[in-house]
Amino acid sequence: MSAPARWAPHLAEFRADPYPFYAALRAADPVHRVDDWSVVLTRYDDVHRVLRDPGYSRDIESSSARPVDDDPITARRRQRRGTDEEANAAKSILNLDPPDHTRLRRLVTQAFTPRAIDQLRAATETMVDDILDTAAERGSMELIDELAFPVPFRVISTMLDMPMDRADDMRDWSQALTATLEPTATLDDFDAADAAIEQLIPHLVEVIEHRRHNLGDDVVSALITAEEEGDRLSLPELISFVVLLYVAGHETTVNLIGNGMLALLENPDEMQRWRSDPTLDKVAVDELLRFNGPVQQTVRVPMTPVTFAGTDGTEIHVDAGQAVITCLGAANHDPAVFADPARLQLDRPNAHRHMSFASGIHYCLGASLAKMEATVTLSRIIRRFDTIEQAEPASWRDRLTIRGVDRLVMNLG
Ligand code: HEM
């Protein structure tokens with residue numbers, strides 16, 4: 181299918197399948213001006229370079245030159261992320277530039293090393309097997325509610341040693357918060373996110389206060405200790421860190437498992453190849469991340485004017501303070517890097533070069549964790565059942581920034 185070279189997240193057909201639009205943009209207008217304040221990049225090399233360039237800020241609200249009163253959504257975004265000094269203290273690591281970013285990231289890196297994650301593997305396997313036992317008895321399962329959500333949620337709750345009794349609330353709150361990341365977010369979405377925050381924060385404060393007197397070897401205890409020892413982490417910083425770990429720690433992984441399973445169902449030969457070849461366990465999930473990643477785009481703001489190469493030797497200038505949308509999904513399907521990009525090829529030799537975890541200093545902290553969870557989950561489903569069939573068409577959550585299947589019913593035999 182060919183599509184017009186348009187950046188059109190407000191169109192349902194764009195959100196349903198953005199890849200033909202990305203391909204058209206990349207070919208005709210790879211540095212595409214969206215409006216006076218933003219451009220979108222669809223070439224792998226441009227995306228990669230921008231994400232690794234220290235001349236760009238991730239502190240979008242503070243670095244943006246877009247006038248606050250330009251439109252009500254911009255005003256709300258700024259208000260939420262905070263531009264005053266008090267709110268600054270509560271910005272999450274994702275929205276900070278060095279040196280604050282470096283300081284916060286150092287505090288948790290240890291907990292997310294591949295070695296630390298490997299220690300969670302056995303517990304994850306047991307969790308998945310228990311769920312599959314129940315599904316086997318029934319002969320069917322709805323993947324998202326029964327497996328793709330509970331597994332990452334329980335794993336991150338274990339890492340943070342958080343109570344699991346508010347799982348449904350956490351899921352709703354997290355959905356409300358991530359809705360504001362969408363390019364199509366409305367004022368109602370911001371109201372819903374504010375309402376979620378109002379409930380979420382007291383819940384977390386309660387947990388953190390309790391933990392202060394009951395320190396363990398979990399990530400929250402480590403952050404509290406860092407806070408108390410060197411006054412390096414304020415309570416608002418601690419809270420926003422925990423919120424980010426919680427939200428980033430399951431929402432995206434749910435989509436990796438959901439989108440990944442759907443890709444396998446739609447490519448039964450590849451599913452069969454993985455089932456019978458355990459050497460693919462190390463690489464298959466990288467290709468699934470490339471093929472249909474859970475995060476389609478992120479943003480950077482250049483701190484000085486920058487220039488990109490357009491088509492036919494043209495130069496495209498972007499002023500300091502404008503938004504540069506780096507389209508990760510488009511980079512992942514750039515034929516200049518990934519041959520025949522629309523084809524799922526689980527042993528693709530360079531699949532690990534995908535941009536689904538971004539690149540540079542904000543490279544996803546949870547990458548090893550997410551890959552371990554998805555590898556364990558998907559490999560165990562396909563090896564447990566000889567026959568796995570979709571019982572009905574999958575339904576997608578109508579979102580672009582964090583994009584994923586929200587219902588996938590399978591018959592298992
Ligand atoms: C498949 C699952 C996941 C995907 C696709 C994903 C994707 C991403 C991306 C694209 C970024 C960078 C955003 C940017 O540069 O603007 C990011 C950052 C981050 N992710 Fe993930 N993520 C996933 C799972 C996780 C998990 C499981 C955790 C933690 C438990 C996590 C924690 C974080 C954190 C803390 C950051 C901010 C890092 C920083 O700013 O230095 N993510 N993730």
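Position in the sequence shown (from 1) plus 180 gives the number in the numbering used here.
Heads up, the beta-carbon is just placed ideally off N, CA and C, and yes, glycines get one too.
Spatial neighbours of residue i within its chain, please: CB distance less than 7 Å, with the 5 preceding and 5 following residues excluded, ordered by chain position.
| i | result |
| --- | --- |
| Gly438 | Leu323, Ile324, Ala328, Gly584, Val585 and Leu588 |
| Gly540 | Leu231 and Arg232 |
| Val427 | Ser354, Leu357 and Thr358 |
| Arg391 | Val400, Ser401 and Ile404 |
| Ser218 | Gln502, Ala503 and Ile505 |
| Thr478 | Thr506, Leu508 and Ala538 |
| Met590 | Ser320, Met321, Leu323, Ile568, Glu569, Gln570 and Ala571 |
| His281 | Ile273 and Ile541 |
| Ala269 | Because the pLDDT of Ala269 is 42, which lies under 50, any placement of that residue in the model is unreliable, and the number read from its coordinates should be weighed accordingly. Ser414, Pro416 and Glu417. |
Check for me: the beta strand (DSSP E) holding residue i runs from which residue to which?
| i | result |
| --- | --- |
| Val219 | Ser218 to Leu221 |
| Ser320 | Ser320 to Glu322 |
| Arg213 | Val211 to Asp215 |
| Asp586 | Val585 to Arg587 |
| Gln570 | Ile568 to Gln570 |
Enumerate in chain order the residues of its own chain whose CB-to-CB distance from residue i is below 8 Å, with the five nearest sequence positions on each side excluded.
| i | result |
| --- | --- |
| Ala192 | Asp578 |
| Asn275 | Arg238, Asp239, Ile240, Glu241 and Arg261 |
| Ala316 | Arg564, Phe565 and Leu592 |
| Thr293 | Ser548 |
| Arg213 | Val219 and Ile496 |
| Ala204 | Ser182, Ala183, Pro184, Ala185 and Arg186 |
| Val465 | Leu436, Gly440, Lys551, Ala554, Thr555 and Leu558 |
| Ala373 | Arg260, Ala356, Leu357, Ala359 and Thr360 |
Could you give the first and the last residue of the continuous alpha helix (DSSP H) run that contains residue i?
| i | result |
| --- | --- |
| Val248 | Where Val248 is concerned, there is no enclosing alpha helix (DSSP H), given that its DSSP letter is neither H nor E. |
| Thr557 | Ala547 to Arg564 |
| Leu439 | This sequence places Asn at residue 439; Leu is not what is there. It spans Leu415 to Glu446 - the alpha helix (DSSP H) in which Asn439 sits, taken as one unbroken run. |
| Arg528 | No alpha helix (DSSP H) contains Arg528, which DSSP labels as neither H nor E. |
| Arg129 | Because the chain in this structure spans residues 181 to 593, residue 129 falls outside the shown range and cannot be described. |
| Ala574 | Ala574 -> no alpha helix (DSSP H), and no H or E assigned at all. |
| His228 | Tyr224 to Arg232 |
| Pro279 | Pro279 -> no alpha helix (DSSP H), and no H or E assigned at all. |
| Pro294 | Pro294 to Asp298 |
| Ile240 | Ile240 to Ser243 |
| Phe201 | Tyr199 to Ala208 |
Would a check of beta-carbon distances place residue i closer than 7 Å to chain D?
| i | result |
| --- | --- |
| Thr364 | The structure shown has no chain D; it contains just one protein chain. |
For residue i, I'd like the list of residues in its chain whose CB is within less than 6 Å of its CB, leaving aside the five on either flank, ordered along the chain.
| i | result |
| --- | --- |
| His497 | Thr487 |
| Arg560 | Val308 |
| Leu380 | Trp353 |
| Glu467 | Leu526, Arg528 and Ala531 |
| Glu450 | Leu524 and Leu526 |
| Glu266 | At Glu266, the pLDDT of 45 sits below 50, so the modelled position is not reliable; the number obtained from the coordinates is stated separately. So no residue of the chain qualifies. |
| Trp576 | Val585 |
| Pro279 | none |
Open item on the list: I want to know whether the stretch 186-206 touches the stretch 502-515 - three or more CB-CB distances under 8 Å.
Closed with: yes
TODO: With a floor of 4 residues, list each alpha helix (DSSP H) that falls wholly inside the stretch 453-518, ordered by position along the chain.
DONE: 464-471 and 508-511
Open item on the list: For the structure I just gave you, are there three or more beta carbon pairs, one from the stretch 478-498 and one from the stretch 418-433, closer than 8 Å?
Closed with: no
Open item on the list: I'd like to know if the stretch 524-533 and the stretch 456-463 are in contact, where contact means that at least 3 CB-CB pairs between them fall below 8 Å.
Closed with: yes
- [ ] Decide if the stretch 386-402 is in contact with the stretch 326-341; the criterion is three or more beta carbon pairs, one per stretch, under 8 Å apart.
- [x] yes
Task: the stretch 488-501 touching the stretch 559-569, judged by at least three CB pairs closer than 8 Å - done: no
- [ ] Would you list, in sequence order, the uninterrupted alpha helix (DSSP H) runs of no fewer than 4 residues that lie entirely inside the stretch 325-380?
- [x] 330-340 and 347-359
Open item on the list: Tell me whether the stretch 342-352 and the stretch 301-311 touch, counting them as touching only if at least three CB pairs, one residue from each stretch, are closer than 8 Å.
Closed with: no
- [ ] May I ask you to verify whether the stretch 539-553 touches the stretch 416-423, counting CB pairs closer than 8 Å and requiring at least 3?
- [x] no
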